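Protein chains in written order, with full-length UniProt numbering: chain C, 1 to 343; chain W, 1 to 343.
Protein chains: 2
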Amino acid sequence: MAKEITIYDIANQLQISPATVSRALNNHPAINEKTKVLVNTKADELGYRSNKFASNLRKQSTSTIGVIVPRLNSYIMSTVLAGMEKVANEEGFNLIISQSLESQKKEIANAQTMFNSRVDGLLVSVAFDTDSFEHFQPFLKKKIPLIFFDRILENNNCPSIVIDNTKAGYEATNHLIQQGRSNILHITGNLQRNVYADRLKGYQQALLENEIPFQKAFLWETALNLEAGKEVAQRIKAMPNRPDALFIASDLCAVACISALKEMGIDVPNDISVVGFNNDPVAQVIAPKLTTIHYPAKEMGEIAVKSMINHLKGTMNLDKTNAITLRSELIVRESSRIIEHSA
Amino acid sequence: MAKEITIYDIANQLQISPATVSRALNNHPAINEKTKVLVNTKADELGYRSNKFASNLRKQSTSTIGVIVPRLNSYIMSTVLAGMEKVANEEGFNLIISQSLESQKKEIANAQTMFNSRVDGLLVSVAFDTDSFEHFQPFLKKKIPLIFFDRILENNNCPSIVIDNTKAGYEATNHLIQQGRSNILHITGNLQRNVYADRLKGYQQALLENEIPFQKAFLWETALNLEAGKEVAQRIKAMPNRPDALFIASDLCAVACISALKEMGIDVPNDISVVGFNNDPVAQVIAPKLTTIHYPAKEMGEIAVKSMINHLKGTMNLDKTNAITLRSELIVRESSRIIEHSA
DNA sequence: TTTAATAATGCAATCGGTTGCATAAAATTT
DNA sequence: AAATTTTATGCAACCGATTGCATTATTAAA
Numbered sequence: 001m002a003k004e005i006t007i008y009d010i011a012n013q014l015q016i017s018p019a020t021v022s023r024a025l026n027n028h029p030a031i032n033e034k035t036k037v038l039v040n041t042k043a044d045e046l047g048y049r050s051n052k053f054a055s056n057l058r059k060q061s062t063s064t065i066g067v068i069v070p071r072l073n074s075y076i077m078s079t080v081l082a083g084m085e086k087v088a089n090e091e092g093f094n095l096i097i098s099q100s101l102e103s104q105k106k107e108i109a110n111a112q113t114m115f116n117s118r119v120d121g122l123l124v125s126v127a128f129d130t131d132s133f134e135h136f137q138p139f140l141k142k143k144i145p146l147i148f149f150d151r152i153l154e155n156n157n158c159p160s161i162v163i164d165n166t167k168a169g170y171e172a173t174n175h176l177i178q179q180g181r182s183n184i185l186h187i188t189g190n191l192q193r194n195v196y197a198d199r200l201k202g203y204q205q206a207l208l209e210n211e212i213p214f215q216k217a218f219l220w221e222t223a224l225n226l227e228a229g230k231e232v233a234q235r236i237k238a239m240p241n242r243p244d245a246l247f248i249a250s251d252l253c254a255v256a257c258i259s260a261l262k263e264m265g266i267d268v269p270n271d272i273s274v275v276g277f278n279n280d281p282v283a284q285v286i287a288p289k290l291t292t293i294h295y296p297a298k299e300m301g302e303i304a305v306k307s308m309i310n311h312l313k314g315t316m317n318l319d320k321t322n323a324i325t326l327r328s329e330l331i332v333r334e335s336s337r338i339i340e341h342s343a
Numbered sequence: 001m002a003k004e005i006t007i008y009d010i011a012n013q014l015q016i017s018p019a020t021v022s023r024a025l026n027n028h029p030a031i032n033e034k035t036k037v038l039v040n041t042k043a044d045e046l047g048y049r050s051n052k053f054a055s056n057l058r059k060q061s062t063s064t065i066g067v068i069v070p071r072l073n074s075y076i077m078s079t080v081l082a083g084m085e086k087v088a089n090e091e092g093f094n095l096i097i098s099q100s101l102e103s104q105k106k107e108i109a110n111a112q113t114m115f116n117s118r119v120d121g122l123l124v125s126v127a128f129d130t131d132s133f134e135h136f137q138p139f140l141k142k143k144i145p146l147i148f149f150d151r152i153l154e155n156n157n158c159p160s161i162v163i164d165n166t167k168a169g170y171e172a173t174n175h176l177i178q179q180g181r182s183n184i185l186h187i188t189g190n191l192q193r194n195v196y197a198d199r200l201k202g203y204q205q206a207l208l209e210n211e212i213p214f215q216k217a218f219l220w221e222t223a224l225n226l227e228a229g230k231e232v233a234q235r236i237k238a239m240p241n242r243p244d245a246l247f248i249a250s251d252l253c254a255v256a257c258i259s260a261l262k263e264m265g266i267d268v269p270n271d272i273s274v275v276g277f278n279n280d281p282v283a284q285v286i287a288p289k290l291t292t293i294h295y296p297a298k299e300m301g302e303i304a305v306k307s308m309i310n311h312l313k314g315t316m317n318l319d320k321t322n323a324i325t326l327r328s329e330l331i332v333r334e335s336s337r338i339i340e341h342s343a
C-alpha cells in the first residue's frame with residue numbers, strides 16, 4: 001500500500017513549512033499566489049488528499065449533515081433525498097442518512113448516532129408515532145441547527161420546511177365538491193402528524209364553506225399504504241350508504257384502493273371520485289388517472305439542505321425563521337372528473 | 001455552549017490515565033472489570049461522547065461505507081438503500097450515499113469524493129453510460145474493498161452481488177411462450193449494462209429453445225422510464241404486425257405502457273400479454289395486475305453491506321469471491337394470463 | 001521467602017491538519 | 001537612509017483518542 005501523502009511531504013519537498021502548505025491549499029489570503037500555485041501543483045503531482053479527520057478534529061466541524069426520515073423507500077422521501085444529495089454534493093457537504101422506520105424508538109437511536117457523529121446540522125422528518133422532542137434537545141443545547149421538513153414537530157423554535165397542507169387539503173376537497181360530490185370520505189394517516197392534521201383541517205374547512213356537515217364516521221385513520229388501500233375498499237363495499245368521493249392522503253394508498261374498488265365493480269370516478277396526494281408517478285399510469293396534489297419533494301430536499309448550509313456558513317441566519325412554505329398544486333385528472341352521470 | 005467532555009476529563013476525575021479510560025471504553029481485555037464499570041459510569045455521568053475524528057485519525061479507518069447509485073428515487077434503489085441503511089445502522093457503520101444521475105461523469109466525481117472521504121469500503125451500482133473502470137482504480141490501489149451490486153462492471157476482480165438476470169429473463173419469456181405467445185417484443189435499457197444484457201440473453205435463450213427466431217426489430221432499447229412506456233405503446237400501435245406479448249425490463253415502464261395501450265383500445269392481456277421486472281408495488285395496483293419478476297432489493301442491500309462489513313472486520317474474505325447471486329422469482333398475475341381467447 | 005508468571009495500568013509518541021502569534025522580507029513613507 | 005507599514009512565512013501548540021512498550025501490583029510456583 002502506497003504511503004499516504006501529507007502536507008508534511010509537500011512541505012519537505014518544497015522546503016517550506018506545513019503551515020504554509022495548509023494555508024495555500026485552503027486558499028488563505030495571506031499566502032502569495034505563486035506559492036499557492038507551487039503547492040497545488042506539487043500536491044497534484046504527489047497525489048495528495050486531505051485528511052478530513054485531522055481537519056475535522058482541529059476545526060471541530062464535520063461538513064456533514066444528518067438526515068432522519070421515516071423511510072427511505074417511499075416516493076416522496078426518496079425524491080426529497082435525491083434533492084438533498086444533489087445540493088449537498090454540489091456544496092461539498094456529506095449527508096448521513098438514516099431511517100426511523102416509523103418508530104420513535106428507532107428515531108431516538110438515530111438521533112443519538114447523529115449526535116455522536118457530530119453532524120454540523122440535522123434535518124428531520126419525524127416518525128408516525130413520535131410524540132416527544134426530548135431526543136433533539138442535545139442538538140439545541142450544543143447549538144447544532146435542527147430543521148424539520150414535511151413531518152414536523154411544533155413549538156420548539158426550530159425552523160421547518162413544509163407545504164401548506166391545509167390549503168392542499170382544502171383544494172382537494174373543494175374540487176370534489178365542485179364536481180358535485182358531498183359524501184366525501186377522508187382517508188388519512190396518524191393525525192398527530194402535522195401533514196395529516198392539516199390536510200384534515202383543509203378538508204373540514206371546505207366542507208364548512210359548502211355547508212356540508214362533517215361526520216367523524218367519514219374520517220378514517222390508516223397506515224396509508226398499499227394494504228390500507230385495499231382494506232378501505234373492502235370497508236366501503238360493506239357500507240350501506242357509500243360515499244361518493246374519497247380524499248386519500250397518499251397516492252399509493254389511493255391507487256390500491258381504486259384498483260380494489262374496480263375489482264368489486266365500483267366505478268371510479270362515476271360511482272366514487274378519488275383525489276390522492278403526492279403526485280407519485282403511479283398516479284399517471286393507472287386507469288383512471290389519479291387527481292392529486294403535486295408535492296414539490298425534490299425542491300423541498302434542495303431547499304432544506306441549501307438553507308442548512310447557508311445557515312452554517314453564516315450567509316443566512318435561521319434563528320428567526322419559523323417556516324418556509326413551498327407551493328403545492330392540485331392536478332386534476334380523470335379519477336375525479338365525472339364523465340357520464342348514471343341517469 | 002457546554003464544554004465537550006473528553007477521556008482526559010474522565011481520567012482526571014477518576015485519577016487514572018487516559019490510556020486506561022480509552023481501553024476501558026473499548027472493552028479492552030487487559031482492563032479490570034471494576035475499572036470498566038467505573039469508567040463507563042463516569043462517562044455516562046459526564047455526558048461523554050467519543051470523538052470519531054480523533055479516533056479515525058489515529059486508527060486510520062472511518063467506519064464509513066460509501067454507496068454510489070444511479071438514482072436515489074427509484075423503487076429498486078431506494079429499497080436497496082433501505083436494506084443497506086438497516087444493516088449499517090445495526091453494525092455501527094455510517095453510509096455516505098451519492099447518486100450518479102445515470103451519468104458517468106458524475107459517477108467519477110462521486111467516486112473521487114468517496115475516495116477523499118476515506119470510506120472504508122465502496123458499494124457501487126453503475127450509471128447507464130459508464131464504460132470505464134478507471135475511476136475505481138484508486139480504491140484498488142489503496143486496497144479499499146469495492147463491491148458492485150445490481151449494475152456491475154465485469155473483468156476487474158471485484159466481487160458483485162446480483163440476481164441471475166439471464167435466468168429471470170428466460171423465465172419471463174418462457175412464461176409468455178407457455179401462454180401461447182410467440183411474437184414477443186423485448187423492451188430493455190442500455191445493453192451495455194449487465195442487467196439488461198443478461199435479461200436479453202435469457203429472452204433469446206427461451207426463444208431458441210422454443211424454436212422461435214430472434215428478430216432484432218423486436219428488441220427496443222429505451223430509457224425504461226414512464227415516458228418510454230408511453231412511447232413504446234405509440235410505436236406498437238403504429239406497427240403493421242403487432243407483437244402478442246411484451247417483456248419489459250422495468251415495471252414502471254411496463255405499467256405506463258399498459259396504461260397507454262389500454263387507452264388505445266388494445267387489450268392486455270388478450271391482445272398483448274405483458275411481463276415486467278422488479279415487482280414494484282405499482283404492479284399490484286393496476287388493472288390488469290402485472291406479471292413480473294420479484295427482485296430481492298432489500299435483501300440485496302442488506303447482503304451488500306453485511307458482506308462489506310464482514311470483509312472489513314476480517315470475518316469473511318471477499319478476495320476470492322466472484323459473485324453472490326440472489327434468488328429472483330417470477331410472479332404470475334393477470335397481465336400475462338389469457339382469460340378469453342378471441343375465438 | 002524468593003522467584004517467576006500473570007494481570008492491570010501508565011507513559012508518551014502518534015495520527016495530520018489548523019491557527020494565534022511572532023518574525024522576516026519587501027514595499028512604502030518620511 | 002531610517003522608520004514604518006504591508007506582505008508572506010514559520011513556529012509550535014492544539015484537537016482527542018489509540019497503542020507499543022515499560023512498569024507496577026498481584027498471584028502462583030518453587
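Glycine included, C-beta positions come from ideal geometry on N, C-alpha and C. All values reported here derive from a predicted model rather than from experimental measurement.
Handout entry: Cβ-Cβ separation, residue 326 (chain C) to residue 308 (chain C) (assumed contact under 8 Å), whole Å
Key = Rounded, the Cβ-Cβ distance is 16 Å, inconsistent with contact.
Problem - First through last residue of the beta strand (DSSP E) which encompasses residue 94 (chain W) - result: Segment 94-99, the beta strand (DSSP E) holding residue 94 (chain W).
Handout entry: Contact the segment 266-275 of chain C vs the segment 210-220 of chain C: 3+ CB pairs below 8 Å
Key = Output reads no: the segment 210-220 of chain C does not touch the segment 266-275 of chain C.
Exercise for the section: Within the same chain, show all residues whose beta-carbon is closer than 7 Å to that of residue 191 (chain C), passing over the 5 residues directly before and after it, in chain order. Expected result: Around residue 191 (chain C): 197, 200, 221.
Handout entry: chain W contacts from the segment 236-269 of chain C (Cβ-Cβ distance under 8 Å)
Key = Within the segment 236-269 of chain C, the residues whose Cβ lies closer than 8 Å to some Cβ of chain W are 252, 255, 256, 258, 259, 262, 263, listed in chain order.
Problem - Amino acids of chain W, ordered along the chain, whose beta-carbon sits closer than 7 Å to that of residue 89 (chain C) - result: The contacting residues are 98.
Exercise for the section: For residue 286 (chain C), return the contacting residues in chain W, with the cut-off set at a CB-CB distance below 9 Å. Expected result: Per Cβ cutoff of 9 Å: 255, 259, 282, 285, 286, 287.
Handout entry: Contact set between residue 111 (chain C) and chain W, taken where Cβ atoms lie within less than 8 Å
Key = The premise fails here: residue 111 (chain C) is roughly 12 Å from chain W at the closest Cβ pair, so nothing lies under 8 Å.
Handout entry: CB contact check: residue 304 (chain C) to chain W, cutoff 8 Å
Key = For residue 304 (chain C), the answer is no, since every Cβ of chain W falls outside 8 Å of its Cβ.
Handout entry: Identity of the residue in C:137, C:18, C:146, C:38 nearest residue 123 (chain C) by Cα
Key = The residue among C:137, C:18, C:146, C:38 with its C-alpha nearest the C-alpha of residue 123 (chain C) is C:146.
Practice task
Quick one: using the 10 Å Cβ neighbour count with 16 as the cut-off for buried, is residue 208 (chain C) buried or exposed?
Solution key: Residue 208 (chain C) comes out exposed.
Problem - Whether residue 168 (chain C) touches residue 336 (chain C) by CB criterion (8 Å) - result: Residue 168 (chain C) is not a Cβ neighbour of residue 336 (chain C), given a cutoff of 8 Å.
Practice task
Express the C-alpha separation of residue 90 (chain W) and residue 231 (chain W) in angstroms, rounding to a whole number.
Solution key: When rounded, the distance between both Cα atoms is 44 Å.
Problem - Assigned exposure category for residue 28 (chain C) - 16 Cβ within 10 Å defines buried - result: Using a 10 angstroms sphere on the CB of residue 28 (chain C), the tally of other CB atoms stays under 16, which defines it as exposed.
Handout entry: Cβ neighbours of residue 38 (chain C) in the same chain (closer than 7 Å, five flanking residues each side left out)
Key = Excluding its 5 nearest sequence neighbours in each direction, residue 38 (chain C) has C-beta neighbours in its own chain below 7 Å: 14, listed in chain order.
Problem - Exposed unless 16 or more other CB atoms sit within 10 angstroms - verdict on residue 58 (chain C) - result: Result: exposed.
Practice task
Since I believe residue 290 (chain W) is in contact with residue 251 (chain W) (beta carbons under 8 Å), could you give me their beta-carbon distance rounded to a whole number of angstroms?
Solution key: About 6 Å separates the beta carbons of residue 251 (chain W) and residue 290 (chain W), which is inside the 8 Å limit, making them a contact pair.
Handout entry: is_contact[residue 79 (chain C), chain W] using C-beta, thresh 8 Å
Key = Between residue 79 (chain C) and chain W, the shortest Cβ-Cβ separation is below 8 Å.
Practice task
Kindly indicate the opening and closing residues of the beta strand (DSSP E) around residue 344 (chain W).
Solution key: Because residue 344 (chain W) is not part of the residues shown, which for chain W are 1 to 343, the question remains open.
Exercise for the section: Taking the CB atoms as reference points, tell me whether residue 144 (chain C) and residue 117 (chain C) lie closer together than 8 Å. Expected result: No, Cβ-Cβ distance for residue 144 (chain C) and residue 117 (chain C) is not below 8 Å.
Exercise for the section: Could you name the residues of chain W that residue 82 (chain C) contacts, counting a contact when the two beta carbons are closer than 7 Å? Expected result: What residue 82 (chain C) touches in chain W: 71, 72, 73, 99.
Handout entry: Min CB distance residue 94 (chain W) to chain C below 8 Å
Key = With a threshold of 8 Å between beta carbons, residue 94 (chain W) makes contact with chain C.
Practice task
Leaving out five residues on either side along the sequence, give the residues of the same chain with a beta carbon under 8 Å from the beta carbon of residue 343 (chain W).
Solution key: At residue 343 (chain W) the pLDDT is 38, less than 50, meaning the model places this residue with poor confidence and gives no usable figure here.
Practice task
Return the chain-ordered ranges of every beta strand (DSSP E) run that is complete within the segment 60-94 of chain W and spans a minimum of 3 residues.
Solution key: Secondary structure within the segment 60-94 of chain W: the beta strand (DSSP E) runs of 3 or more consecutive residues, fully enclosed, are 64-69 (chain order).
Exercise for the section: For residue 53 (chain C), decide whether its Cβ has a neighbour in chain W, counting only Cβ atoms nearer than 8 Å. Expected result: Yes, because at least one Cβ of chain W sits closer than 8 Å to the Cβ of residue 53 (chain C).
Problem - Which listed residue (W:177, W:172, W:69, W:236) has its alpha carbon closest to that of residue 109 (chain W) - result: Measuring from the Cα of residue 109 (chain W), the nearest candidate turns out to be W:69.
Problem - Backbone CA spacing between residue 244 (chain C) and residue 63 (chain C) [nearest angstrom] - result: Approximately 52 Å, taken between the alpha carbons.
Practice task
Run down chain W in chain order and give the residues with a C-beta less than 9 Å from the C-beta of residue 115 (chain C).
Solution key: Going along chain W in sequence order, the residues near residue 115 (chain C) (Cβ under 9 Å) are 49.
Practice task
Step through the CB atoms of chain C and report whether any lies within less than 8 Å of the CB of residue 19 (chain W).
Solution key: Contact with chain C is absent for residue 19 (chain W), since none of that chain's Cβ atoms lies less than 8 Å from the residue's Cβ.
Exercise for the section: Indicate whether residue 162 (chain W) and residue 283 (chain W) have their beta-carbon atoms separated by less than 8 Å. Expected result: Result no, Cβ atoms of residue 162 (chain W) and residue 283 (chain W) do not sit closer than 8 Å.
Exercise for the section: Starting from the C-beta of residue 341 (chain C), find all residues in its chain whose C-beta is less than 8 Å away, skip the five residues before and the five after it, and write them out in chain order. Expected result: Only weak support exists for where residue 341 (chain C) lies, its pLDDT of 45 falling under 50; the value from the coordinates is given anyway. Setting aside the 5 residues that flank it on each side, residue 341 (chain C) is surrounded in the same chain by 270, each with a C-beta closer than 8 Å to its C-beta; the list follows chain order.
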